[in-house]
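Residue numbers (the working numbering): 2 to 346. All residues carry an ideal CB built from backbone N, CA and C; glycine is no exception. Here's the structure we're looking at; comments come further down.
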Ligand SMILES: NC(=O)N[C@@H](CC(=O)O)C(=O)O
Ligand SMILES: [Zn+2]
Ligand SMILES: [Zn+2]
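Structure (structure tokens):
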């Protein structure tokens, strides 16, 4: 049995750091293990312009504890008023690495997102021209579409038409949750990748709803049937470079998760790499963990992999992860995989 593996230092291609006290609390949880992360712009107010992204990056770097090395890769929140020239300048100057598209109303802090996709066409055309990736929260929001179908309907009615209308646009389907999304990624040769979260490799919709409602497993896109979780495990462990790690670690204070209208998001920054080692070991694919967590993402974003390494070790007894961290505005519950995990980072 494998007792330890050493891989290039991983990166997180989808991360929520928030701001202020919450950011100070969660940043070390990521920076301890990951070299870089794509930082989501869904603050209140959102990070829309290059200047706002530069200021946010500076706040993150100022909050980084002494001795930790971590590079935040910034994104711009796409609105119907986004200026294509501001986006292009931020990309050219290395301030922003990608643009994030939230359909308005789809998820946490998405009210400023896109309602009419025609309005953002000039930005998308500019991005295709300069090769800047578009990260998409891929769910439709029409009330008549069942929440478990929103990703699959998005692929057919929004994503595919946008990609056909904008040749050369490089797209990352964020936090995919369905076999339809994995199949769509595989059916395209270029310009399309997908992030897969830690929690969607562990939970299906039963984990949220059976035996009582479990708000800490509620995230968006919501976890689907077991067959979809299996499809994600197969994609993540396949070695296919179009799939890479984006934890979507999304901290909310417990009192807003355990609430009559609980927030969406799972907080996985603290224990992601041991949890991934558990999944990859179970699939006899530990040799592919480095690709998924450390190599495929940089390749998609045109960056070199990290030079240094981390070592994951397997203990005889299950690893005890912290149940919560202190988040500034109250405790934040760390994602519970629900099964014994023997790995630690
Ligand atoms: N995934 C989530 O459930 N929540 C994210 C937003 C997002 O990534 O959709 C958040 O910001 O809390
Ligand atoms: Zn999202
Ligand atoms: Zn997210």
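**Study point:** Euclidean distance between Cα positions of residue 133 and residue 318
**Key:** Residue 133 and residue 318: Cα-Cα distance of roughly 45 Å.
Review point. Should residue 255 and residue 333 be called a contact, given that it needs their Cβ atoms to be closer than 8 Å?
Key: In contact: residue 255 and residue 333 (Cβ atoms closer than 8 Å).
Review point. What residues in its chain sit with their C-beta under 7 Å from that of residue 264, if we drop five residues either side in the sequence?
Key: Contacts found: 109, 253, 257, 258.
Review point. What residues in its chain sit with their C-beta under 6 Å from that of residue 171, if we drop five residues either side in the sequence?
Key: 134, 192, listed in sequence order.
**Study point:** Closest Cα partner of residue 202 within the set 47, 338, 20, 8
**Key:** Put simply, of 47, 338, 20, 8 the residue whose alpha carbon is nearest the alpha carbon of residue 202 is 338.
**Study point:** Residue closest to residue 251, alpha-carbon to alpha-carbon, out of 6, 27, 2, 92
**Key:** Comparing C-alpha distances from residue 251 to each of 6, 27, 2, 92 shows the shortest one belongs to 27.
Exercise for review: Kindly provide the chain-ordered list of residues whose Cβ lies closer than 5 Å to any non-hydrogen atom of ligand 2.
Suggested key: In chain order, the residues that have a beta carbon nearer than 5 Å to some heavy atom of ligand 2 are 108, 138.
Point to revise | Within the region 107-158, ranges of the beta strand (DSSP E) (whole runs, at least 3 residues) | key: Qualifying beta strand (DSSP E) stretches, in chain order: 135-137.
**Study point:** residue 41: CB within 7 Å of a non-hydrogen atom of ligand 3
**Key:** Within the cutoff, so yes.
Exercise for review: Flag this pair as touching only if the region 40-51 and the region 82-90 have three or more C-beta atom pairs under 8 Å; answer yes or no.
Suggested key: Three or more Cβ pairs drawn from the region 40-51 and the region 82-90 lie within less than 8 Å of each other, which places the two stretches in contact.
Practice item. Report whether the distance from the Cβ of residue 253 to the nearest heavy atom of ligand 3 is below 7 Å. Key: No - ligand 3 has no heavy atom lying nearer than 7 Å to the Cβ of residue 253.
Exercise for review: Report yes if the CB atom of residue 8 is closer than 8 Å to the CB atom of residue 345, and no otherwise.
Suggested key: Not a contact, by the Cβ cut-off of 8 Å.
Review point. Where DSSP assigns a beta bridge to residue 258, which residues make up the other side?
Key: DSSP, once it has assigned bridges, lists no residue as partnering residue 258.
Practice item. Count the other C-beta atoms from every protein chain shown that fall within 10 angstroms of the C-beta of residue 45, then say buried if there are 16 or more, exposed otherwise. Key: Residue 45 is exposed by the Cβ-count criterion.
**Study point:** Bounding residues of the beta strand (DSSP E) (the contiguous stretch that carries residue 5)
**Key:** It spans 5-9 - the beta strand (DSSP E) in which residue 5 sits, taken as one unbroken run.
Practice item. From the DSSP output, in three-state form, read off residue 387 for me. Key: This structure leaves residue 387 out entirely; the chain is present only between 2 and 346.
Point to revise | residue 211 in three-state terms, based on DSSP | key: Residue state, collapsed to three classes: coil.
Exercise for review: Between the Cα of residue 309 and those of 233, 70, 236, spot the shortest distance and give me the residue it belongs to.
Suggested key: When each option's Cα is compared against that of residue 309, the closest is 70.
Check your understanding: How is residue 164 classed by DSSP in three states: helix, strand or coil?
Key -> The answer is helix: DSSP assigns residue 164 an H, G or I state.
Practice item. Could you tell me whether any Cβ in chain B is nearer than 8 Å to the Cβ of residue 53? Key: Absent from the structure is chain B; it holds one protein chain and no more.
**Study point:** Beta-bridge pairing of residue 37 - partner residues as DSSP gives them
**Key:** Beta-bridge pairing links residue 37 to 72.
Check your understanding: Which of helix, strand or coil does DSSP assign to residue 228?
Key -> Reduced to three states, the DSSP call for residue 228 is helix.
Practice item. Tell whether a beta-carbon distance below 8 Å holds between residue 195 and residue 118. Key: No, the Cβ-Cβ distance between residue 195 and residue 118 is not below 8 Å.
**Study point:** residue 244 - containing beta strand (DSSP E), residue span
**Key:** First-last of the beta strand (DSSP E) with residue 244: 244-246.
**Study point:** Contact set for residue 126: own chain, Cβ-Cβ below 7 Å, skip 5 residues either direction
**Key:** 167, listed in sequence order.
Check your understanding: Got a sec: does ligand 1 put a non-hydrogen atom nearer than 7 Å to the Cβ of residue 221?
Key -> Residue side-chain check: residue 221 places its Cβ nearer than 7 Å to a non-hydrogen atom of ligand 1.
Practice item. Identify whether residue 25 lies in helix, strand or coil by the three-state DSSP scheme. Key: If DSSP states are grouped into helix, strand and coil, residue 25 belongs with the helices.
Practice item. Tell me whether residue 325 is buried or exposed, calling it buried when 16 or more other Cβ atoms sit within 10 Å of its Cβ. Key: Per the 10 Å Cβ criterion, exposed.
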